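Numbering (the working numbering), first residue to last: 14 to 499.
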């Protein structure tokens with residue numbers, strides 16, 4: 014289904030990311046079904062173009078950490094968004110899992126998401142290899158649903174305006190409803206944003222594909238980039254309530270609204286309803302003991318250091334913890350230097366999942382082991398073999414020989430057409446439903462078994478925020494008497 018701009022260019026639309034990007038970036042995706050259910054109707058009343066309600070990280074958190082049924086969650090939340098298309102973010106061919114899946118798995122996966130209320134897909138490929146998401150777009154169009162294709166931004170010798178023009182053009186050529194300029198690491202500066210948007214607008218000229226933007230604030234420049242984008246005519250902005258904005262997340266919707274007003278644009282949002290959503294998320298953050306982040310610009314030296322390794326904030330936190338557990342936290346500077354070198358040898362992939370994890374692990378092994386590439390994980394071998402697609406730059410020939418030896422590189426697209434499900438069902442089935450089958454395909458037998466054993470019942474009917482607040486007070490303070498004045 015091709016995109017179609019439905020309002021004047023002076024108008025600006027918004028994508029709600031309060032259920033996905035905010036908690037995924039700041040809370041480790043630990044947002045419960047009940048929290049989402051209680052806020053969904055408020056979001057629906059605000060006038061967002063769409064609301065992202067699930068991703069690989071939030072799906073995994075529901076299954077493996079919260080022990081909540083992700084399908085039940087989708088049913089409950091999407092039912093409360095009748096006026097706001099619910100969106101699922103999909104990470105290329107790995108879907109919600111960690112390996113490449115075939116066409117039949119992809120089709121069943123997207124069809125099942127649609128059955129549970131998803132009406133729009135955000136589909137990105139970590140290498141910006143558009144061939145790896147062509148099938149997603151075809152399936153979405155067959156289902157009568159829309160797709161926005163995020164183009165992952167990065168800084169390197171190969172990430173030039175010509176490079177971005179090429180990948181944006183390929184995305185638009187697939188008749189995506191939107192192309193989103195996605196900066197997951199906060200690398201984009203206002204000046205670079207102006208150049209990138211000009212490239213995108215020129216490439217999309219004459220197309221019905223809308224231009225969207227999602228810039229993380231890790232370097233403290235997210236809102237400044239949004240202000241530039243607002244003046245440059247970007248159509249749709251991803252934003253979040255203030256309680257889950259900034260730092261590793263994206264700018265707050267209220268500040269983005271202010272940027273729209275300052276630029277003379279008309280926001281397609283209801284401000285009073287937006288404020289109610291903001292209040293609700295402030296309550297949710299309080300009940301979960303989560304601090305409200307601030308936007309903190311980096312110094313020039315800090316920016317230089319960050320741009321050398323480009324490790325996203327969440328991954329950096331995990332890396333520090335892991336090194337501390339191993340008693341080698343003092344070697345972090347060496348590892349960060351090695352990350353920059355390894356990324357170059359990998360052909361300058363964007364530092365997003367799964368490439369950022371592969372590079373971080375390989376750099377750590379190179380430093381701790383004392384000999385570079387003496388130990389190489391299977392995922393890294395697969396990367397160099399071409400399983401994940403084509404990187405934006407050239408692979409280092411010496412490292413390629415060291416990693417693969419005599420093993421050949423492969424065509425990553427050929428095996429994806431061979432069905433995986435018939436054999437999987439023969440070996441691991443039978444399954445009672447497509448939902449059970451997909452869980453088994455994406456997670457280990459032990460993980461799925463533990464989920465079913467520990468799955469907890471979730472409240473799926475919304476309650477008023479005031480009720481949640483009173484319940485929290487009663488739980489924490491345990492008063493013997495409660496006086497209510499009306």
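We treat Cβ as the ideally placed atom computed from N, Cα and C, and that holds for glycine.
As the structure is a computational prediction, the values presented were derived from the model and not from experiment.
Excluding residues up to 5 positions away in sequence, 143, 162, 164 and 192 lie with their Cβ nearer than 7 Å to the Cβ of residue 184 in the same chain. Under DSSP, residue 280 takes part in a beta bridge, and its partners are 25.
Burial of residue 217 is indicated by the presence of at least 16 other C-beta atoms within 10 angstroms of its C-beta. A Cβ-Cβ distance of about 18 Å is found for the pair residue 241 and residue 267, leaving them out of contact under the 8 Å criterion.
In this structure, the alpha-carbon of residue 421 lies about 50 Å from that of residue 255. In this structure, the straight-line span from the alpha carbon of residue 436 to that of residue 381 is close to 40 Å. Its chain contains 62, 248, 249 and 281 as the residues whose beta carbon lies nearer than 7 Å to that of residue 26, once the 5 sequence neighbours on both sides are disregarded; these appear in chain order.
Only residues of its own chain outside the window of five on either side were considered, and among them 293 and 296 have a CB closer than 6 Å to the CB of residue 478, listed in chain order.
A direct Cα-to-Cα measurement between residue 466 and residue 81 gives close to 11 Å.
Taking 8 Å as the cut-off, the beta carbon of residue 181 is found no closer than this to the beta carbon of residue 149. Counting C-beta atoms within 10 angstroms of its own C-beta, residue 378 has 16 or more neighbours from the protein chains shown and is therefore classed as buried.
Excluding sequence positions up to five before and after residue 274, its CB lies within less than 8 Å of the CB of 280, all in the same chain and listed in chain order.
Taking residue 430 as the centre and dropping the five residues before and after it, the same chain places the C-beta of 116 closer than 6 Å to its C-beta, in chain order. In this structure, the CA atom of residue 454 is about 9 Å from the CA atom of residue 118.
The count of Cβ pairs closer than 8 Å, one atom from the stretch 123 to 137 and one from the stretch 386 to 399, stays below three, leaving the stretches out of contact. Residue 124 holds the alpha-carbon nearest to the alpha-carbon of residue 156 among 209, 124, 170 and 177. Listed in chain order, the non-local C-beta contacts of residue 320 below 8 Å within the same chain comprise 168 and 200, local neighbours out to five positions each way being set aside. Here residue 54 is near residue 475, since their CB atoms are less than 8 Å apart. Within the stretch 112 to 164, the runs of beta strand (DSSP E) that reach at least 3 residues and sit entirely inside it are, in chain order, 133 to 137. Between residue 224 and residue 234 the beta-carbon gap is near 19 Å, outside 8 Å, which marks them as no contact. Taking every protein chain shown into account, the CB of residue 405 has 16 or more other CB atoms within 10 angstroms, so this residue is buried.
In the structure shown, residue 100 adopts extended strand secondary structure according to DSSP, grouped into three states.
The stretch 241 to 266 contains, as complete beta strand (DSSP E) runs of 3+ residues, the segments 249 to 252 (chain order). Separation of residue 178 and residue 212 (C-alpha to C-alpha, rounded to the nearest whole angstrom) is 6 Å. Shortest Cα-Cα distance from residue 245 to any of 110, 205, 298 and 57 involves 205. In the three-state DSSP reduction, residue 394 falls in the helix class (H, G or I). For residue 193, DSSP records a beta bridge to 163 and 225.
Of the other Cβ atoms in all chains shown, fewer than 16 fall within 10 Å of the Cβ of residue 483; this residue is therefore exposed. Apart from sequence neighbours up to five positions away, the residues of its chain that approach residue 67 with a beta-carbon distance below 6 Å are 101, ordered along the chain. Between residue 345 and residue 333, the gap from beta carbon to beta carbon is short of 8 Å. The C-beta distance from residue 99 to residue 90 rounds to 7 Å, short enough to fall under 8 Å.
Looking at the DSSP output, residue 64 sits in a beta bridge with 29 and 99. Scanning its chain for C-beta atoms nearer than 7 Å, with the 5 sequence neighbours on each side dropped, one finds around residue 122 the residues 108 and 451, in chain order.
Leaving aside the five residues that flank residue 38 on each side, the residues in its chain whose CB is nearer than 6 Å to its CB run, in chain order, 261 and 262.
When the five nearest sequence neighbours on each side are left out, the beta carbons in the same chain lying within less than 6 Å of the beta carbon of residue 472 are those of 47, in order along the chain. Residue 57 sits close to residue 96, with the two beta carbons spaced by under 8 Å.
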